[in-house]
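These protein sequence lines are chains A and B, in that order.
One point on numbering: in our numbering, the residue at position 69 of the first sequence is 80, and numbering is uninterrupted.
One point on numbering: in our numbering, the residue at position 206 of the second sequence is 207, and numbering is uninterrupted.
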Amino acid sequence: MSMLSRRQFVQGGSVVAAMLLAGCGSSSSGADASSAPADGEYKLVNEGKLTCISNLFFPPFESMNEASGEPEGFDIDVSKELAKHMGLEINWLPSQDFDTLVPTIKQGGKADIAIAGMTITDARKAEVDMSEPYVDSNQSIVVKSGSTETAETLDDASKTIAVQGGTTGADWADENLPNATKKRLSTIIDAMSGCQSGLYDAVVCDLPVSSYQIKESYTDLQIIEEIPTGEQYGIAISKDNPGLTAAVNAALAEMEEDGTMAAIEMEWFGSEI
Amino acid sequence: MSLRKRSERRGAVAIVTTLMLALSLAMPTSALALTTNKATARPNEDGGSSVIGGLDTRLTWEGTVEEGEEVTEVTLMLPDDGTFDGATTKITVLDGLKRAKLEGEAVANGSQLTVTFKEPATAGYLLRLEVEGMRFPSEGGDIVVSGSYVNQAGEQTLADSKPIKTIANTPLQALVAQLDEAPWVQAWNSNPFLGMFFKPQLLATAFATLVPGWLLCLLIVVIAYPFAIVLGLVFALMKISKHRLLRFISTLYINVLRGTPLFLQIYIMFFGLPMMNINIDNNVLGVIVIAINASAYLAEIFRAGIQSIPQGQYEAASSLGMNYFQTMFSIILPQTIRRVIPTVTSDFITSYKDTSLLSSVGVMELMMFAKNLTSVSGNMTPYVAAAIFYLVVTLPLIKVVSIVEERIANSERGGGPRPKGKNAAKAAEASNGAKLSGLAVHAQALDDEHAYDSAMGQMTPSYASEV
């Protein structure tokens, strides 16, 4: 396994409190890591590289650069810093549908982590390991500007609500707008475009995404309700790779400590959130 | 929004009550210090949207702490038979949209759940309790979550939540529960591949829930296809017309539609038309897109089919004094139809499969249902079930195509429905005769030439459709 990563990981780990490492091989040093896989050792799909998957249509968390097609966004910056803190190279795979991310990580062999603005939920934790939370989020209801819809009028069989499949927004709509017709789409862009053109009456999605999108591209949409849910995003990692989860958590804690996370938040949201 | 109004009104009432309290110390404390905002339950019907009693689900309860109050404990109560035992509670305290650093501990005891906060929750805080793994009473019905809370003045009664609609168990869900228990299912699912793609519980659920989507797929393509055939024929005739303008229009139509992905055409129609204030029902729009797209392919198939009919047929028709339309409709097209049936059927199969693309714009067809189920379960089995639904239609059609193709090839070759044995004997006789008589050799050669011609004619339409 990757010796370098091991050393940096232990170095990084020693900076933060020992409790964060919670028994993940603080005894092994870089020198002996190459021998037997120590406790806390982790496997990577590509040696020396942190391979990430995501759905790249979720700005400002992840999107593709208009010109270069390279992934960019809050999560992408987090992943880059994460890799740097773990002493690894970053390797982004092409975008895939959000609802396939957890199964992909669970199956293993394709990517090490999924970082995709993914809320930590019990259902997801049953399938994969989730890292410690790295950012907070909430839900929102988006409609066309000038629309008189409210959360109450939307809960009607004649109304269509667009959501992204597999998201907490979809769950929220199922639970809180039980009578409305829900359309589960592949990307939030499909949902917003459809809402803009009048195909759907409303969109339910993560508040940071809707507010960014309305500011940047969908100026004729508006948020009618900010729904406090206090959900938190985490990184999905296979249950077969507990060492990697520990290493990611250690690196996240370090990034919180050294101000990296705050800097990324400043860059994408203009404030620490 | 009336929820919010109501809470505001309640807030106002609370303030008034607090004022009154300050004036008269003897007044009992108001019961509105902790407003119940909502209680909802996550649907736990596989592939459905109902909340089923007696099965694990998640209850989300939210309440706001009113002005001047401090809440230290909240107890939620279910009607008898409902249980919180074995549930895990996620406690989130929010100040506006920000998470407040306030921790608590939940203790479940039968139909009661008590959450104790380490520090009192103060005014304006939103208390959000997500109880995962709780169960509503198994007989179903409208369930009201009641309870109590503790503030600085002692224990108070919590306002009842709006009723949550729950239903009793369904036969399908009972079957799934049975499968959950079965040892062979557990062994089967322990294999990662089988568990991910062929999970028996999900196969059962998927077969039941995908049916409406499957019917919609069939409906869309069955309605769209006759229109596509008529449109295709019109454009095919335009393409072989003598008028340059007609030829141009038809070529443009066919090339643009065949030269762009159907996915793109769907996006343009579904997002574009409503923007021009043309509002058509999604399913109807789906039929239109599929019909237009298929018509371009059919136009090419028909054109190739018409042009494969030997020139002699036209000459024969005109020698009988037939005009263009008579020639077309009573001589050429009947022969064309026979020749294009296999390719048209193949195109029908393609169109049927193409309906899956409509899921991206929210048409509730087969893929949409499968995607829904997959996104809820995080498992690929619903897609496998969808594949089976597609195959149920396509496999028989593929068989039909090959049978029809063989028959046509046979008859054009002059094989026809003659018994095989006799045919073989005749061929043997002919080759024997060839040794004896030059005339027989000549006859055989003529026969072969005819078969070759027919085969070439037959090949043209199918080749064209593959371009």
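Every residue gets a Cβ at the ideal spot worked out from N, C-alpha and C, and that includes glycine.
message: In this structure, how does DSSP classify B:V394 when only helix, strand and coil are distinguished?
response: helix
- prompt: What in chain B is Cβ-close to A:D212, meaning under 9 Å?
  reply: Here the premise fails: no neighbours, minimum Cβ distance about 12 Å.
- prompt: Anyone know if the C-beta pair for A:S65 and A:A125 falls short of 8 Å?
  reply: yes
field: A:Y53, enclosing beta strand (DSSP E) - first and last residue
entry: Segment: none, A:Y53 is in no beta strand (DSSP E) and carries neither H nor E.
- request: Measure the CB-CB distance between A:T192 and A:T171 and report whether it falls below 8 Å.
  value: yes
task: Using only alpha-carbon positions, find the residue among B:S360, B:L367 and B:I92 that is nearest to B:V393.
output: B:L367
- request: Only counting runs of 3 or more residues, tell me where the beta strand (DSSP E) segments fall wholly within the region 83 to 112 of chain B, in order along the chain.
  value: 89 to 96 and 105 to 110
message: Closer than 8 Å is the cut-off here; do at least three beta carbon pairs connect the region 57 to 72 of chain A with the region 233 to 241 of chain A?
response: no
message: Using DSSP's beta-bridge definition, name the partner residues of A:S74.
response: A:E83
B:S352 versus B:Y298, B:S360 and B:Y315, residue with shortest Cα-Cα distance: B:Y298
- prompt: Under three-state DSSP, which class holds B:A465?
  reply: Note that B:A465 scores 42 on pLDDT, short of 50, meaning its location in the model is unreliable and no value can be drawn from it.
field: Cross-chain neighbours of A:A173 in chain B, by beta carbon under 9 Å
entry: G363
message: Once the 5 residues before and after B:A23 are set aside, which same chain residues still bring their CB inside 7 Å of it?
response: Residue confidence is low: B:A23 scores 47 on pLDDT, short of 50, so the model does not pin down where it sits. Its coordinate-derived value is still stated next. There are no such residues.
query: For the beta strand (DSSP E) that A:P239 lies in, which residues bound it at each end?
result: L232 to I248
query: Within the 8 Å Cβ cut-off, does B:K102 reach chain A?
result: no
query: Cβ of A:W183 within 8 Å of Cβ of A:Q224?
result: no
Residue closest to A:S131, alpha-carbon to alpha-carbon, out of A:K121, A:E143 and A:N76: The amino acid occupying residue 131 of chain A in the given sequence is Ile; Ser does not appear at that position. Checked all of A:K121, A:E143 and A:N76; the closest Cα to A:I131 is A:E143.
message: With a threshold of 8 Å on Cβ separation, who are the neighbours of B:I281 within its own chain once the five nearest residues in sequence on each side are excluded?
response: L274 and I289
- request: Tell me whether B:R414 sits in a helix, a strand or coil according to DSSP, three-state version.
  value: coil
field: According to DSSP, residues forming a beta bridge with A:K193
entry: A:I172
query: Taking the continuous alpha helix (DSSP H) assigned at B:Y150, which residues delimit it?
result: No alpha helix (DSSP H) holds B:Y150; the beta strand (DSSP E) holding it covers S147 to N152.
message: Across the region 369 to 388 of chain B and the region 312 to 330 of chain B, are there enough close Cβ pairs to call them in contact, namely three or more that are closer than 8 Å?
response: no
field: B:R59 burial status per 10 Å Cβ neighbour count (16 or more: buried)
entry: buried
message: Can you confirm whether the region 194 to 201 of chain A touches the region 353 to 363 of chain B when touching is taken to mean that 3 or more C-beta pairs between the two stretches lie within less than 8 Å?
response: yes
task: Taking only runs that begin and end inside the region 185 to 227 of chain B, name each unbroken beta strand (DSSP E) of 3 or more residues, in chain order.
output: none
query: How about A:C63 and A:L104: do their beta carbons lie closer than 8 Å?
result: yes
- prompt: From this set, B:A387, B:P193, B:K243 and B:I230, which residue's C-alpha is nearest A:P114's C-alpha?
  reply: B:P193
task: In the DSSP assignment, find the alpha helix (DSSP H) that holds A:S222 and state where it starts and stops.
output: L218 to E227
- prompt: What is the residue span of the alpha helix (DSSP H) that B:G245 lies within?
  reply: As written in the sequence, residue 245 of chain B is Arg, which differs from the Gly given in the question. Its alpha helix (DSSP H) spans residues R245 to G260.
- request: Could you tell me if B:L216 is buried or exposed, where buried requires 16 or more neighbouring beta carbons within 10 angstroms of its beta carbon?
  value: exposed
- prompt: Between which two residues does the beta strand (DSSP E) containing B:I144 stretch?
  reply: G142 to I144
task: Would you list, in chain order, the members of the region 203 to 223 of chain B that have their beta-carbon closer than 8 Å to a beta-carbon of chain A?
output: none
task: Return the CA-CA distance between A:N57 and B:S149, expressed in angstroms with no decimal places.
output: 55 Å
task: With 7 Å as the C-beta to C-beta threshold (strictly closer), list the residues of the region 186 to 202 of chain A near chain B in chain order.
output: E186, N187, P189, K194, R195, L196, S197 and D201
- prompt: Since B:N380 meets chain A, which of its residues come closer than 8 Å, beta carbon to beta carbon?
  reply: P114
message: Against chain B, which members of the region 112 to 136 of chain A pass a CB distance test of less than 8 Å?
response: V113, P114, K117, Q118, D133, A134 and R135
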